[in-house]
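Peer 1:
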Amino acid sequence: MGIQGGGLVNEENTSRYGPLFWTCLLAGWAVIAFGLWTVVSRPGATHPLRFGALFMTVLIVHDGVIAPITLGIGALLASRLPATARSVTQGAAVASAIVVAYSLPLFLGLGNRPDPSVLPRNYGAGLAIVIAVVWLVASVALLRRIGRRA
Amino acid sequence: MKPDEMLSRLAPPRIGPFKQDAFGSPLHSTRNAAWLGLALGISFTVCFATGLLSHLIQHPPGWFSWPPRPAWLYRATQGVHVATGIASIPLLLAKLWTVYPSLWTWPPMRGLAHALERVSLVPLVGGALFLLFSGVGTISRWFPWGFSFPAGHYSAAWITMGGLVVHIGAKIGATRLALSRRSPEVRPEAVAAQAGLTRRGFLATVAATTTGLVAITVGQTLRPLASLGLLAPRDPRIGPQGLPVNKTAATANVVEAAMDPEYRLRVEGPENLALSLEDLRAMPARTAHLTIACVEGWSASAEWTGVPLRDVIALAGGGPSSTCRVESLQDQRRPYSSSEVSAEQLADADTLLAFELNGEALHIDHGFPVRLIGPGRPGVQQTKWVSRVVVS
């Protein structure tokens, strides 16, 4: 069923291993090899060990920590929220989480600011406004939905 | 028995993500994965192309020359690079969430091809996360990795795109099928069991978040949207003389040398010159509307007044085929302390050694006493605090 566009990603392997795959495999690994060569051939700039450390850290932290936590929160929301509020809350939570993830270094002030033109805004306030707008839109959508049902 | 047959005969461990109903949401659908994959494929390709262009402009091989006109082109391509990078954040996170159950697929490999395909996901997914993390860090001026950002970002881009080529080879058939079918995308029983976000609702949420995130950041280069840039790392209206600065004179350690009354601009060509700021001011000046377009994706325009660089080159005996290197007062071992100017760029009368910004003497953080500014150049090549011009 998966291959017909109606299934879930874990139902079956949707990959096809024809000539196109093998061609792309060779071409793709040639490009990857070039990328790796640009790492090891410029060690003074790329610091291969630190490069590799960041590469594996973001992968492991995403797949091992962020994704499971997100899935857990999603499952919790899906099981605890009343049916009427579920989709709207899930949508607002997804949008909020992504905006927070993007703006973490900004509102935590992690960047260095040698002069006032660098990171010139109040990012805490900016984030608060954006999140408020997201949940305001979600609330309006929810009220309309409740109104329709009533 | 082949190793993959042995693996598939092993009963999957019935714990954690291997449990049969570990991932119940119908949003983990092949069709969603296909839509998000398509969007991500486009955004990453555009981001790669514009990034590679920026790399070529800054490190031009012999066959490549970046023209000064149209003057807005680099501002546009680099603005697009950072905007598509930001747009890729919701797309990538949503895509990885959608296909996450496949990470725990059992058996873990169904043969050589499947194994090679899965191994190729490491450069793809690791590279994609690396690029977005380091990109966001850099525009936020946060560099917690200990290597040169342009060098690492460049290498990771090739590694990621190689992984993408393999992934497209494996998934293009399934993607086409998943997107072409008009049949119900999600099994009816799954829909009934779930009153939450529909597949379309999820995609609409991701699309709205992507659009919204770009809208509240792109004002750093699109001035009409500057007020909307709530989470933009820069505001094109804020900085000394109303213009942002990337490197201050204090950071560059040039304050004393720049303020020295004995300052001379040395021009080394067939003839050697040593020009004071007054000498430069006595030459026929020109005013041009030019843009500082930073590699970090912000840009801002202003009126710059100065002497066309080609006039100074001519004074030192250079001709129409001359090129030059412009050096700043900074320690010449530091990155971005000098820049090369091509013959084509030199021929453009708007390539200036500027000493005024919007009618006022240059602020020291904008390059007092003299800076290079020309049309269509990346900000890092608009060398400030110019001390020496070497004609060749």
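Going line by line, the protein sequences match chains A and B. Counting from 1, position 51 in the first sequence corresponds to residue 51 in our numbering; the numbering is continuous, with no gaps. In our numbering, each residue carries its 1-based index in the second sequence increased by 150. Glycine is no exception: its CB is placed at the ideal position from the N, C-alpha and C atoms.
Counting only the same chain and skipping the five closest in sequence on each side, list residues whose C-beta sits under 6 Å from that of glutamate 490 of chain B.
Peer 2: To locate residue 490 of chain B, count along the second sequence from 1; it is residue 340. If the five residues before and after glutamate 490 of chain B are omitted, its C-beta is found closer than 6 Å to the C-beta atoms of Arg475, all from its own chain and listed in chain order.
Peer 1: Return no unless some Cβ of chain B is closer than 8 Å to the Cβ of arginine 149 of chain A.
Peer 2: On the first sequence, position 149 is the one that residue 149 of chain A refers to. Answer no: the Cβ-Cβ gap between arginine 149 of chain A and chain B never drops below 8 Å.
Peer 1: Span of the alpha helix (DSSP H) holding proline 19 of chain A?
Peer 2: Position 19 of the first sequence holds residue 19 of chain A. Run containing proline 19 of chain A: 19–40, per the alpha helix (DSSP H) assignment.
Peer 1: I think serine 472 of chain B touches isoleucine 463 of chain B, with their Cβ atoms under 8 Å apart; what is that distance to the nearest whole Å?
Peer 2: Numbered from 1 along the second sequence, position 322 holds the residue referred to as residue 472 of chain B. Numbered from 1 along the second sequence, position 313 holds the residue referred to as residue 463 of chain B. Sure, about 5 Å apart at Cβ, within 8 Å.
Peer 1: From the DSSP secondary-structure annotation, give me the bridge partner or partners of isoleucine 442 of chain B.
Peer 2: Sequence index remark: in the second sequence, residue 442 of chain B carries index 292 (1-based). Isoleucine 442 of chain B pairs with B:Ala450.
Peer 1: Proline 257 of chain B to leucine 160 of chain B, Cα distance in whole Å?
Peer 2: Start at 1 with the first residue of the second sequence, and residue 257 of chain B comes out as number 107. Start at 1 with the first residue of the second sequence, and residue 160 of chain B comes out as number 10. When rounded, the distance between both Cα atoms is 8 Å.
Peer 1: Look at the Cβ atom of phenylalanine 299 of chain B, then the Cβ atom of asparagine 10 of chain A, and state whether they are nearer than 8 Å.
Peer 2: For this step, residue 299 of chain B is matched to residue 149 along the second sequence. For this step, residue 10 of chain A is matched to residue 10 along the first sequence. Going by C-beta atoms, phenylalanine 299 of chain B is not nearer than 8 Å to asparagine 10 of chain A.
Peer 1: What does tryptophan 295 of chain B touch in chain A if you count any residue whose Cβ is under 7 Å from its own?
Peer 2: The residue you call residue 295 of chain B lines up with position 145 of the second sequence. The answer, in chain order, is Arg50, Leu54.
Peer 1: Any idea if histidine 439 of chain B is buried or exposed, counting beta-carbon neighbours within 10 angstroms, 16 or more meaning buried?
Peer 2: For this step, residue 439 of chain B is matched to residue 289 along the second sequence. Exposed, by the Cβ-count rule.
Peer 1: Cutting at 8 Å between CB atoms, please list the residues of its own chain near alanine 365 of chain B, excluding the five before and the five after it.
Peer 2: Sequence index remark: in the second sequence, residue 365 of chain B carries index 215 (1-based). Leu375, Leu378, listed in sequence order.
Peer 1: Show which residues of chain B have a CB atom less than 7 Å away from the CB atom of glycine 126 of chain A.
Peer 2: As a first step, residue 126 of chain A must be located in the first sequence, where it is residue number 126. By Cβ distance, chain B contributes Leu380, Leu381.
Peer 1: For a test of the three-state rule: what should DSSP assign to threonine 437 of chain B, helix, strand or coil?
Peer 2: The residue labelled residue 437 of chain B in the question sits at position 287 within the second sequence. Looking at threonine 437 of chain B - three-state DSSP - the assignment turns out to be strand.
Peer 1: How about serine 478 of chain B and proline 386 of chain B: are their beta carbons less than 8 Å apart?
Peer 2: Translated into positions along the second sequence, residue 478 of chain B becomes position 328. Translated into positions along the second sequence, residue 386 of chain B becomes position 236. No.
Peer 1: Whose C-alpha, out of B:Ala237, B:Val541, B:Ile514, B:Leu459, is nearest the C-alpha of valine 395 of chain B?
Peer 2: Residue mapping note: residue 395 of chain B aligns to position 245 of the second sequence, counting from 1. With distances taken between Cα atoms, valine 395 of chain B lies closest to B:Ile514.
Peer 1: Taking glycine 351 of chain B as the query, report the chain E residues whose CB atoms sit under 7 Å from its CB, ordered along the chain.
Peer 2: The structure shown has no chain E; the protein chains it does contain are A and B.
Peer 1: Look up leucine 59 of chain A in the DSSP assignment and say whether it is helix, strand or coil.
Peer 2: Residue mapping note: residue 59 of chain A aligns to position 59 of the first sequence, counting from 1. Here leucine 59 of chain A sits in helix by DSSP.
Peer 1: So is serine 117 of chain A in contact with chain B if we call contact Cβ pairs under 8 Å?
Peer 2: Residue mapping note: residue 117 of chain A aligns to position 117 of the first sequence, counting from 1. Closer than 8 Å: yes.
Peer 1: Starting from the Cα of leucine 363 of chain B, find the closest Cα among A:Leu59, A:Leu143, A:Ser139, A:Val94 and give me that residue.
Peer 2: Position 213 of the second sequence, counted from the start, is the residue given in the question as residue 363 of chain B. When only C-alpha atoms are compared, the closest one is A:Val94.
Peer 1: So, under 8 Å CB-CB, valine 530 of chain B and glutamine 208 of chain B are touching, yes? Tell me the CB distance rounded to an integer number of Å.
Peer 2: Position 380 of the second sequence, counted from the first residue, corresponds to residue 530 of chain B. Position 58 of the second sequence, counted from the first residue, corresponds to residue 208 of chain B. By a beta-carbon distance limit of 8 Å, valine 530 of chain B contacts glutamine 208 of chain B. Their separation comes to about 7 Å.
Peer 1: Check whether the segment 391–411 of chain B touches the segment 344–352 of chain B, taking contact to mean three or more Cβ pairs, one atom from each stretch, closer than 8 Å.
Peer 2: no
Peer 1: Report yes if the CB atom of alanine 138 of chain A is closer than 8 Å to the CB atom of alanine 78 of chain A, and no otherwise.
Peer 2: Residue mapping note: residue 138 of chain A aligns to position 138 of the first sequence, counting from 1. Residue mapping note: residue 78 of chain A aligns to position 78 of the first sequence, counting from 1. It is not a contact, given that the beta carbons lie outside the stated cut-off.
Peer 1: Who are the neighbours of serine 157 of chain A on chain B, taking C-beta pairs under 7 Å?
Peer 2: Only positions 1 to 150 of chain A appear in the structure, and residue 157 of chain A is not among them; the question remains open.
Peer 1: Who pairs with alanine 511 of chain B in a beta bridge, going by DSSP?
Peer 2: Position 361 of the second sequence, counting from 1, holds the residue named residue 511 of chain B. Answer is B:Glu506, bridged to alanine 511 of chain B.
Peer 1: Between the Cα of glycine 312 of chain B and those of B:Glu428, B:Gly191, B:Trp213, B:Thr361, spot the shortest distance and give me the residue it belongs to.
Peer 2: In the second sequence, the residue the question calls residue 312 of chain B occupies position 162. Nearest option by C-alpha distance: B:Gly191.
Peer 1: Roughly how many angstroms separate the alpha carbons of alanine 30 of chain A and serine 215 of chain B, rounded to a whole number?
Peer 2: On the first sequence, position 30 is the one that residue 30 of chain A refers to. On the second sequence, position 65 is the one that residue 215 of chain B refers to. Answer to the nearest angstrom: the Cα atoms are 27 Å apart.
Peer 1: Can you tell me whether aspartate 498 of chain B is buried or exposed, with buried defined as 16 or more other CB within 10 angstroms of its CB?
Peer 2: Stepping through the second sequence from its first residue, residue 498 of chain B is reached at position 348. So aspartate 498 of chain B counts as buried.
Peer 1: Taking 8 Å as the threshold (C-beta atoms), are isoleucine 146 of chain A and threonine 84 of chain A in contact?
Peer 2: Looking up residue 84 of chain A in the first sequence gives position 84. Looking up residue 146 of chain A in the first sequence gives position 146. For threonine 84 of chain A and isoleucine 146 of chain A, yes; Cβs fall inside 8 Å.
Peer 1: Does proline 211 of chain B get closer than 8 Å to chain A when you measure Cβ to Cβ?
Peer 2: Here residue 211 of chain B refers to the residue found at position 61 of the second sequence. For proline 211 of chain B, the answer is no, since every Cβ of chain A falls outside 8 Å of its Cβ.
Peer 1: The ligand SAH and aspartate 429 of chain B: does the residue's C-beta get closer than 7 Å to at least one heavy atom of that ligand?
Peer 2: Ligands in the displayed structure: none, and consequently the ligand SAH is not present.
Peer 1: By the 10 Å Cβ neighbour count, where 16 or more other Cβ atoms means buried, how is lysine 534 of chain B classified, buried or exposed?
Peer 2: On the second sequence, residue 534 of chain B is found 384 positions in, with the first residue counted as 1. By the neighbour-count rule (16 or more Cβ atoms within 10 Å), lysine 534 of chain B is buried.
Peer 1: Under 7 Å between beta-carbons, which chain B residues line up against glycine 111 of chain A? List them in chain order, please.
Peer 2: By 1-based counting over the first sequence, the position of residue 111 of chain A is 111. Neighbours of glycine 111 of chain A on chain B, chain order: Ser290, Arg291, Trp292.
Peer 1: From B:Gly277, B:Asp429, B:Ala189, B:Pro383, pick the residue whose C-alpha is nearest to that of valine 368 of chain B; which is it?
Peer 2: As a position in the second sequence, residue 368 of chain B is number 218, starting the count at 1. Measuring from the Cα of valine 368 of chain B, the nearest candidate turns out to be B:Pro383.
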